[in-house]
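*Asks:* Numbering (the numbering used here), first residue to last: 1 to 276.
Even glycine gets a Cβ: it sits at the ideal position worked out from N, Cα and C.
All figures in this text were calculated on a predicted structure; none of them were measured in a lab.
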Amino acid sequence: MKTLKQVFLFIFLMGVFTRLTAQSKHSEELVVPLSEPGKPVTLETHLLSGTIKVVGYEGKDVIIQVQVDSSKEDEDREDDAQGMKRIGTSGGLDIRAEEHDNVVRINSGSMRDKMIWLTIKVPQNTAKVDVGSVNGGDIEVSNVSGKIEISNVNGAIKATGISGSVVANTVNGDVIVRFKSVDASASMAFSSLNGKIDVTLPADIKANLKLKSGKGDIFSDFDVEVDKTQPKLETRNEDHYHEIKIDEWVHGKINGGGQEIMMQSTFGSIYIRKIK
Numbered sequence: 001m002k003t004l005k006q007v008f009l010f011i012f013l014m015g016v017f018t019r020l021t022a023q024s025k026h027s028e029e030l031v032v033p034l035s036e037p038g039k040p041v042t043l044e045t046h047l048l049s050g051t052i053k054v055v056g057y058e059g060k061d062v063i064i065q066v067q068v069d070s071s072k073e074d075e076d077r078e079d080d081a082q083g084m085k086r087i088g089t090s091g092g093l094d095i096r097a098e099e100h101d102n103v104v105r106i107n108s109g110s111m112r113d114k115m116i117w118l119t120i121k122v123p124q125n126t127a128k129v130d131v132g133s134v135n136g137g138d139i140e141v142s143n144v145s146g147k148i149e150i151s152n153v154n155g156a157i158k159a160t161g162i163s164g165s166v167v168a169n170t171v172n173g174d175v176i177v178r179f180k181s182v183d184a185s186a187s188m189a190f191s192s193l194n195g196k197i198d199v200t201l202p203a204d205i206k207a208n209l210k211l212k213s214g215k216g217d218i219f220s221d222f223d224v225e226v227d228k229t230q231p232k233l234e235t236r237n238e239d240h241y242h243e244i245k246i247d248e249w250v251h252g253k254i255n256g257g258g259q260e261i262m263m264q265s266t267f268g269s270i271y272i273r274k275i276k
């Protein structure tokens, strides 16, 4: 039976405050050995506040580089403390990584107005990457293969050199994805409320497109076979409830059709590009 391996990084601000005040940023590194080196790895991490960068590399371990910016604490110092030096603070920060059967989960503990930058190096033959952030950080994933799931709220999403499939969703930011190859058996989805959707796909991809841009336009250098019967009108009558719905989605096919690719932006345009 394989055991659960845990790697912890604790940055207690009281102990390192002098250095953090002078530099405002503090960096550490974690190395997480895999139970089965050479076999596909799954990575899962979600932050409340921070930037995440996942990079595929030719190595056998998962390497986590952590950078913490605590300068915001000085900006938020209480008025009663003006002119005084801080000699300690409550709370701290801990980053912990758990590994079991090549599944690596990274979690953060107490944050208290600190911004985190995570750079995570993973073996390129990755089975799955599931990453997300909420406040104030972009997410980048590059040179990995497998099933990629990215969620963000106040930041952009950028994925490049991807082999496999991607589901990417953000609220405030662009979604930019560049594929090397696509898993033909997987459906994909890309969405943003306030941002553009810009996806580059292999020239020979076969896909059914489902597209909607509320305040923008839709562009492609593929020869897209667009369903000319749009928009479709749907009506529903149930008791005293009557509904009329117009389907504003644009439906089309690339190279005869295949798995569905959904792209939706409310306040941005959509770009579907072909690998040159």
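Excluding the five sequence neighbours on either side, which residues of its own chain have a C-beta within less than 7 Å of the C-beta of Glu75, listed in chain order?
*Replies:* Counting from one through the sequence shown, the residue named residue 75 turns up at place 75. Residue confidence for Glu75 is low, a pLDDT of 49 falling below 50, so the modelled location carries little weight; the figure read from the coordinates is stated next. There are no such residues.
*Asks:* Taking just the CA atoms, how far does Met84 sit from Ile148?
*Replies:* Here residue 148 refers to the residue found at position 148 of the sequence shown. Here residue 84 refers to the residue found at position 84 of the sequence shown. Their backbone Cα atoms lie some 48 Å apart in a straight line.
*Asks:* Alpha carbon to alpha carbon, what distance is there between Asn169 and Arg178?
*Replies:* In the sequence shown, counting from the first residue as 1, residue 178 sits at position 178. In the sequence shown, counting from the first residue as 1, residue 169 sits at position 169. Their Cα atoms are separated by approximately 15 Å.
*Asks:* Can you check whether the CB of Lys128 is closer than 9 Å to the CB of Ile63?
*Replies:* Numbered from its first residue, the sequence shown carries residue 63 at position 63. Numbered from its first residue, the sequence shown carries residue 128 at position 128. Contact flag unset, no.
*Asks:* Could you check which residue in Ser187, Asn152 and Asn255 has the C-alpha nearest to that of Ile176?
*Replies:* Taking the first residue of the sequence shown as 1, we reach residue 176 at position 176. Ile176 has its Cα closest to that of Asn152, out of Ser187, Asn152 and Asn255.
*Asks:* Are the beta-carbon atoms belonging to Asn107 and Val41 less than 9 Å from one another?
*Replies:* Taking the sequence shown and counting its residues from 1, the one referred to as residue 107 is at position 107. Taking the sequence shown and counting its residues from 1, the one referred to as residue 41 is at position 41. No, the Cβ-Cβ distance between Asn107 and Val41 is not below 9 Å.
*Asks:* Taking only runs of the beta strand (DSSP E) that begin and end inside the segment 18-62, which ones reach a length of at least 3 residues, in chain order?
*Replies:* You should have 25-32 and 41-57.
*Asks:* What's the gap between the Cα of Arg105 and the Cα of Asp130?
*Replies:* Taking the sequence shown and counting its residues from 1, one reaches residue 105 at position 105. Taking the sequence shown and counting its residues from 1, one reaches residue 130 at position 130. Answer to the nearest angstrom: the Cα atoms are 10 Å apart.
*Asks:* For Ser185, which option in Lys196, Pro123, Asn208 and Ile218 has the closest C-alpha, if you only look at C-alpha atoms?
*Replies:* By 1-based counting over the sequence shown, the position of residue 185 is 185. Here the closest residue by C-alpha is Asn208.
*Asks:* Thr119: which of Val182, Ser187 and Leu47 sits nearest, CA to CA?
*Replies:* Position 119 of the sequence shown holds residue 119. With distances taken between Cα atoms, Thr119 lies closest to Leu47.
*Asks:* Taking just the CA atoms, how far does Glu44 sit from Gly91?
*Replies:* Indexing the sequence shown from 1 puts residue 91 at position 91. Indexing the sequence shown from 1 puts residue 44 at position 44. Note that Gly91 scores a pLDDT of 49, beneath 50, so its modelled location is shaky; the value from the coordinates is reported in the next line. Cα to Cα, Gly91 sits roughly 25 Å from Glu44.
*Asks:* Quick one, which of Thr51, Arg273 and Arg96 has its alpha-carbon nearest Gly200's?
*Replies:* Counting from 1 along the sequence shown, the entry for residue 200 is found at position 200. Contrary to the premise, residue 200 reads as Thr rather than Gly in this sequence. Closest by alpha carbon: Arg273.
*Asks:* Just mark Gly252 as buried or exposed, buried being the case when its beta carbon has 16 or more other beta carbons within 10 Å.
*Replies:* Working through the sequence shown from its first residue, we reach residue 252 at position 252. That one is buried.
*Asks:* For Val134 versus Lys158, is the C-beta spacing smaller than 9 Å?
*Replies:* In the sequence shown, counting from the first residue as 1, residue 134 sits at position 134. In the sequence shown, counting from the first residue as 1, residue 158 sits at position 158. No.
*Asks:* Taking the C-alpha atoms as reference points, what is the distance between Ser49 and Ser191?
*Replies:* Reading the sequence shown from its first residue, position 49 is the one you call residue 49. Reading the sequence shown from its first residue, position 191 is the one you call residue 191. Their Cα atoms are separated by approximately 21 Å.
*Asks:* Name the two residues that bound the continuous beta strand (DSSP E) containing Thr266.
*Replies:* Sequence index remark: in the sequence shown, residue 266 carries index 266 (1-based). Careful: Thr266 lies outside any beta strand (DSSP E) and carries neither H nor E.
*Asks:* Helix, strand or coil: which one does DSSP assign to Trp117?
*Replies:* For the purposes of this step, residue 117 is taken as residue 117 along the sequence shown, with counting starting at 1. Strand at Trp117.
*Asks:* By Cβ distance below 6 Å, which residues in the same chain neighbour Thr266 in space, the five residues on each side in sequence not counted?
*Replies:* The residue you call residue 266 lines up with position 266 of the sequence shown. The answer, listed in chain order, is Leu193 and Gly214.
*Asks:* Does Gly161 come out as helix, strand or coil in the three-state DSSP assignment?
*Replies:* Numbered from 1 along the sequence shown, position 161 holds the residue referred to as residue 161. Gly161: strand per DSSP, three-state reduction.
*Asks:* Using a threshold of 9 Å, state whether the C-beta atoms of Val286 and Ile218 are closer than that.
*Replies:* With the chain covering 1 to 276 only, the question about residue 286 has no answer from this structure.
*Asks:* Where does the unbroken beta strand (DSSP E) through Gly132 begin, and where does it stop?
*Replies:* Here the question's residue 132 lines up with position 132 in the sequence shown. Run containing Gly132: Thr126 to Asn135, per the beta strand (DSSP E) assignment.
*Asks:* Since I believe Gly155 is in contact with Asn143 (beta carbons under 8 Å), could you give me their beta-carbon distance rounded to a whole number of angstroms?
*Replies:* For this step, residue 143 is matched to residue 143 along the sequence shown. For this step, residue 155 is matched to residue 155 along the sequence shown. The pair is not a contact, with the Cβ atoms about 20 Å apart (cut-off 8 Å).
*Asks:* Inspect the beta-carbon positions of Phe222 and Ile254 and report whether they are closer than 9 Å.
*Replies:* By 1-based counting over the sequence shown, the position of residue 222 is 222. By 1-based counting over the sequence shown, the position of residue 254 is 254. Yes, they are a contact pair.
*Asks:* When DSSP labels each residue in this structure, what does Gly146 get in the three-state scheme?
*Replies:* Here residue 146 refers to the residue found at position 146 of the sequence shown. Strand, per DSSP.
*Asks:* Helix, strand or coil, according to DSSP, for Asn255 in the structure here?
*Replies:* Translated into positions along the sequence shown, residue 255 becomes position 255. Here Asn255 sits in coil by DSSP.
*Asks:* Buried or exposed for Ala203, going by 16 or more other Cβ atoms inside 10 Å?
*Replies:* As a working mapping, residue 203 is identified with position 203 in the sequence shown. Ala203 is exposed by the Cβ-count criterion.
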